[in-house]
Amino acid sequence: MSGSLLKPARVRFAPSPTGHLHLGGARTALYDYLLARQTGGQFILRIEDTDRKRLVEGAEQEIMDGLRWLGLEYDEGPDVGGPFGPYRQSERKEIYQHYARQLVESGHAYYCFCSPDRLEQVRQEQQKKKEFVHYDGTCRKLDPDEAARWVATGEKHVVRFKMPKEGSTTVTDLLRGDITIENRNLDDYIIVKSDGLALYHLAAAVDDHLMQITHVFRGSEWLPTFPLHGLIHRSLGWEEPAWVHLSVFLKPSGKGKMSKREQADLMKDGYSIFVKDLQSLGYLPEAVNNWIALMGWSYDDRTEFFSLADLVEKFSLEKLNPSPAAINFTKFDHFNGLHIRSLAIDDLAKRIKPFFVERGLEPDDETLLKIAPIIQEHIGTLDEAVDFAGFFFAGGVTPAAEQLVAKGLSAAQSAEIAERALAILESLPDVCVETAEPPLRQLVEESGYSAGQVFGIMRMAITGQRVSPPLFETMEIIGRADVIFRMKAAVELLTNLPAAAE
Ligand code: GLU
Numbered sequence: 001m002s003g004s005l006l007k008p009a010r011v012r013f014a015p016s017p018t019g020h021l022h023l024g025g026a027r028t029a030l031y032d033y034l035l036a037r038q039t040g041g042q043f044i045l046r047i048e049d050t051d052r053k054r055l056v057e058g059a060e061q062e063i064m065d066g067l068r069w070l071g072l073e074y075d076e077g078p079d080v081g082g083p084f085g086p087y088r089q090s091e092r093k094e095i096y097q098h099y100a101r102q103l104v105e106s107g108h109a110y111y112c113f114c115s116p117d118r119l120e121q122v123r124q125e126q127q128k129k130k131e132f133v134h135y136d137g138t139c140r141k142l143d144p145d146e147a148a149r150w151v152a153t154g155e156k157h158v159v160r161f162k163m164p165k166e167g168s169t170t171v172t173d174l175l176r177g178d179i180t181i182e183n184r185n186l187d188d189y190i191i192v193k194s195d196g197l198a199l200y201h202l203a204a205a206v207d208d209h210l211m212q213i214t215h216v217f218r219g220s221e222w223l224p225t226f227p228l229h230g231l232i233h234r235s236l237g238w239e240e241p242a243w244v245h246l247s248v249f250l251k252p253s254g255k256g257k258m259s260k261r262e263q264a265d266l267m268k269d270g271y272s273i274f275v276k277d278l279q280s281l282g283y284l285p286e287a288v289n290n291w292i293a294l295m296g297w298s299y300d301d302r303t304e305f306f307s308l309a310d311l312v313e314k315f316s317l318e319k320l321n322p323s324p325a326a327i328n329f330t331k332f333d334h335f336n337g338l339h340i341r342s343l344a345i346d347d348l349a350k351r352i353k354p355f356f357v358e359r360g361l362e363p364d365d366e367t368l369l370k371i372a373p374i375i376q377e378h379i380g381t382l383d384e385a386v387d388f389a390g391f392f393f394a395g396g397v398t399p400a401a402e403q404l405v406a407k408g409l410s411a412a413q414s415a416e417i418a419e420r421a422l423a424i425l426e427s428l429p430d431v432c433v434e435t436a437e438p439p440l441r442q443l444v445e446e447s448g449y450s451a452g453q454v455f456g457i458m459r460m461a462i463t464g465q466r467v468s469p470p471l472f473e474t475m476e477i478i479g480r481a482d483v484i485f486r487m488k489a490a491v492e493l494l495t496n497l498p499a500a501a502e
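Here our numbering is used: position 285 in the sequence shown is 285, and no number is missing along the way.
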């Protein structure tokens, strides 16, 4: 089933807007996107917002922004429209009611008038007897005509799917093969709630059919109700899509799923499972895609660097893996480094810019273009560009005098060497790598000190940091006048240190 042989796939990402877009959701969307693009089909965003109590303000927008940031442009969706809309389930109430009625009329579903109190009582009794908790079927036995009359008079009701009591149901997952369940172990699930809104089970089946979805990628938390979904399609006389329940993501230790508390701890270490956070932490969408693509899929046992275009070309359903995958942030850092180093310079310059702005600096494009190549090898996240190179835009540096003293040298020795370096710089008509490096290296030779000591003093004087981009390139960007100004200030600080004055 290699890509080119597959019919154009119609695949949907169907999140509920109940929280942040996380890595698990992003991976589902990525696989949807890859299959759609590879087969020349369509990638659809459908917002599953029928559970009004769990809605989170702004979550839908965050999902859309997150997908766009990841580069997973969808062809149809709430904000872009499409021929199968609306793409928000809350706007499709009547459509679901139509099919719920059809199921009732064909004897595959029934109206249930039991009150929540009664249901709670049933539940407690079953629990007491250590029975499988399920609806006891009271309304299943009602005469359908009478039940329909009650509904017509406005009696409060839900719609339940009528599970067959005998036999078994087999559904097929592309990754896991056939899954068979005894029907007596299945409940009469509610498919339309008393507010008239359909529940996921019915809404997703109806939408997948009407939207002509060919493949459903979703989380394996839907495996327990998977037979129900197969039965709903069959009861309505519809062909089922190909089902793929993806592997679970485990916390970094590999033990169990991520919890809220662990997410908070992660943030302290500069990591997160939420896409929005990864963006502000300075990760590249390319790295996120590369990393999560490999959490449930592999190409071979050697290749690990993939652009989104590579993934579109190489993705295949056969190489999906159902085993749980532990979230490995070390691997993620590694991918981020690889992708940062593969960016074109102007692209890197553009991407680091907002991180400087975020920290109150005013970076100019010309300087950013000069900085990008000298930091590209050294940063692990875009955010680190600011720690590393923020001084370029800080309008001067103010190291403390003590920080200018080189390790292993006295203040006087440090002052003397800084003075000699300053003299060399002053003798140059222009400070750039070619002109400054040879005489300063010669100074190291003659002084008998190490390059680390001599250049350490200069680095602190010029950048205000112990770690910085390469010194000579940095001086070239800062320019002769400023370099000399900063070196002079450093010499003065060092000479005035009590230890140096003695
Ligand atoms: N709304 C469901 C969820 O967020 C979607 C599952 C599916 O893709 O069918 O889990």
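From the three backbone atoms N, C-alpha and C, an ideal C-beta is built for every residue, glycine too.
With 16 as the cutoff for other CB atoms within 10 Å, does Pro-290 come out buried or exposed? Reading the sequence as shown, one finds Asn at residue 290 and not Pro. Label assigned to Asn-290: buried.
For Thr-169, does the three-state DSSP call read helix, strand or coil? strand
Quick one: using the 10 Å Cβ neighbour count with 16 as the cut-off for buried, is Met-1 buried or exposed? For Met-1, the predicted model reports a pLDDT of 44, less than 50, meaning its position is unreliable; a value from the coordinates is still stated below. Exposed, by the Cβ-count rule.
Quick one: give me the first and last residue of the alpha helix (DSSP H) that Tyr-283 is part of. From DSSP, Tyr-283 is part of no alpha helix (DSSP H); its letter is neither H nor E.
Is it buried or exposed, Glu-446, if we count other Cβ atoms within 10 angstroms and call 16 or more buried? exposed
Per-residue burial, Thr-330 [other beta carbons within 10 Å of its own, 16 or more giving buried]: exposed
Distance between Val-80 and His-108 (C-alpha atoms, nearest Å): 36 Å
His-334, DSSP secondary structure in three states: helix
Quick check on Ser-2: does DSSP put it in helix, strand or coil? Confidence is the limiting factor: at Ser-2 the pLDDT is only 45, short of 50, which leaves the residue's position unreliable, though a coordinate-based value still follows. In the structure shown, Ser-2 sits in coil (DSSP, three-state: anything other than H, G, I, E or B).
At 4 residues or longer, and completely inside the region 215–250: list those alpha helix (DSSP H) runs for me, N to C. 226–235
Please list, in chain order, all residues of the same chain as Ala-205 whose beta carbon is under 7 Å from its beta carbon, the five residues on each side excluded. His-229, Ile-232 and His-233
State the start and end residues of the unbroken alpha helix (DSSP H) segment that holds Leu-70. 59–70
Work out the CA separation of Arg-459 and Ser-512 for me, nearest whole Å. What the structure shows of the chain is the stretch from 1 to 502, and residue 512 is not part of that stretch, so it cannot be assessed.
If you draw a straight line from the C-alpha of Thr-18 to the C-alpha of Asp-143, how long is it? 39 Å
What residues in its chain sit with their C-beta under 8 Å from that of Val-444, if we drop five residues either side in the sequence? Ser-450, Ala-451, Val-454 and Phe-455
Could you tell me whether any non-hydrogen atom of the ligand GLU is closer than 7 Å to the CB of Tyr-99? no
Distance, Asp-208 Cα to Gly-3 Cα: Since pLDDT at Gly-3 reaches only 45, below the 50 mark, its modelled position is unreliable, and the value read off the structure follows with that caveat. Spanning the two alpha carbons is a distance of roughly 22 Å.
Could you pull the start and end residues of the alpha helix (DSSP H) that Gln-413 belongs to? 411–427
Please tell me whether Ile-477 and Lys-353 are closer than 8 Å, where the distance is taken between their beta carbons. no
CB contact flag (Leu-23, Ile-340, <8 Å): no
Proximity below 8 Å, CB of Ala-461 to CB of Ala-418: yes
DSSP beta-bridge partners of Gly-177: Asp-173
Output the distance between the C-alpha atoms of Asn-336 and Asn-328, rounded to the nearest integer angstrom. 13 Å
In whole angstroms, what separates the C-alpha of Glu-60 from that of Ile-47? 7 Å
For Thr-381, tell me which candidate among Gly-396, Gly-464, Phe-356 and Ala-394 has the shortest Cα-Cα distance. Phe-356
Counting Cβ pairs closer than 8 Å, one from the region 297–317 and one from the region 257–265, do we hit at least three? no
Distance, Cα to Cα, Glu-437 vs Arg-359? 32 Å
Figure out for me which residue from Arg-218, Arg-160, Lys-276 and Arg-92 has the closest Cα to the Cα of Leu-186. Arg-160
Return yes when at least one heavy atom of the ligand GLU lies under 7 Å from the C-beta of Trp-243, else no. no
Can Glu-48 be considered in contact with the ligand GLU, in the sense that its beta carbon sits closer than 7 Å to one or more heavy atoms? yes
Given the structure, does Gly-237 come close to the ligand GLU, in the sense that its CB is under 7 Å from one of the ligand's heavy atoms? no
May I ask you to list the residues that DSSP assigns as paired with Gly-81? Gly-77
State the start and end residues of the unbroken alpha helix (DSSP H) segment that holds Val-397. No alpha helix (DSSP H) contains Val-397, which DSSP labels as neither H nor E.
Check Ala-344 in the structure and name its three-state DSSP category. coil
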